[in-house]
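J.: Below is one structure. I have some questions about it.
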Amino acid sequence: MRKALILASLIPALYAGASFAEQSQPASAPAQEAAAQKHAAASATDAALGRQINDVVAKAAGQLGAKIEAQVNNGDVVLSGTAPSQDAVARIAEEVSRVPGVKSVRSQVNLLPAG
Numbered sequence: 131m132r133k134a135l136i137l138a139s140l141i142p143a144l145y146a147g148a149s150f151a152e153q154s155q156p157a158s159a160p161a162q163e164a165a166a167q168k169h170a171a172a173s174a175t176d177a178a179l180g181r182q183i184n185d186v187v188a189k190a191a192g193q194l195g196a197k198i199e200a201q202v203n204n205g206d207v208v209l210s211g212t213a214p215s216q217d218a219v220a221r222i223a224e225e226v227s228r229v230p231g232v233k234s235v236r237s238q239v240n241l242l243p244a245g
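Be aware that the sequence shown starts at 131, since it is given in the numbering used here, and climbs by one per residue.
Below you can see the structure in the form of structure tokens.
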């Protein structure tokens, strides 16, 4: 009798759990699709911003004797390459920070040895 009572009380809980699982799975698919679309839009925006930034970097770096590239991720820019001085890096970073859509600029530029 006791086992039957326990089983009888568990059956509604099992159905409720199965029903909840069925309802939550389809809801996650639209959320995943929305996240994928957001990521694709951010990637396209980063690509366009990256082209614009690399044009600015190429012009400034050419004038200053530096070889620098920029990588963009969600508006955050990382500069890498080589430059003759810290002043050259600072000037290029300043130019990049003025580009609309840039949130931050971080430098991983190596300085060329003097001489």
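All C-beta atoms, glycine included, are put in the ideal place defined by N, C-alpha and C.
Following the continuous alpha helix (DSSP H) through arginine 228, name the residue where it begins and the one where it ends.
T.: Segment: none, arginine 228 is in no alpha helix (DSSP H) and carries neither H nor E.
J.: Taking the alpha-carbon positions, what's the alanine 190 to valine 202 distance?
T.: Straight-line Cα distance between these residues: approximately 18 Å.
J.: Using only the alpha-carbon positions, how far apart do leucine 179 and glycine 231 sit?
T.: Taking the straight line joining both Cα atoms gives about 7 Å.
J.: Suppose the cutoff is 8 Å on Cβ atoms and the five residues either side in sequence are ignored; what does the same chain contact list for glutamate 255 look like?
T.: Nothing in the structure corresponds to residue 255, since the chain is present only between 131 and 245.
J.: Leucine 241 lies in the beta strand (DSSP E); which residues open and close that run?
T.: Segment 234 to 241, the beta strand (DSSP E) holding leucine 241.
J.: Beta strand (DSSP E) containing glycine 205: first to last residue?
T.: It is not in any beta strand (DSSP E) - glycine 205 carries neither H nor E in the DSSP assignment.
J.: Checking 9 Å against the spacing of the C-beta atoms, do lysine 197 and alanine 172 come in under that value?
T.: It is not a contact, given that the beta carbons lie outside the stated cut-off.
J.: Quick check: valine 219 and serine 237, are their CB atoms within less than 9 Å of each other?
T.: Yes, they are a contact pair.
J.: DSSP three-state label for glycine 180, please.
T.: Helix at glycine 180.
J.: Kindly identify the DSSP beta-bridge partner or partners of lysine 197.
T.: Thr212.
J.: Looking at C-alpha atoms only, which residue of Gly195, Ser215, Arg181 and Leu242 is the closest neighbour of valine 246?
T.: The requested residue 246 is not part of the displayed model; the chain covers only 131 to 245.
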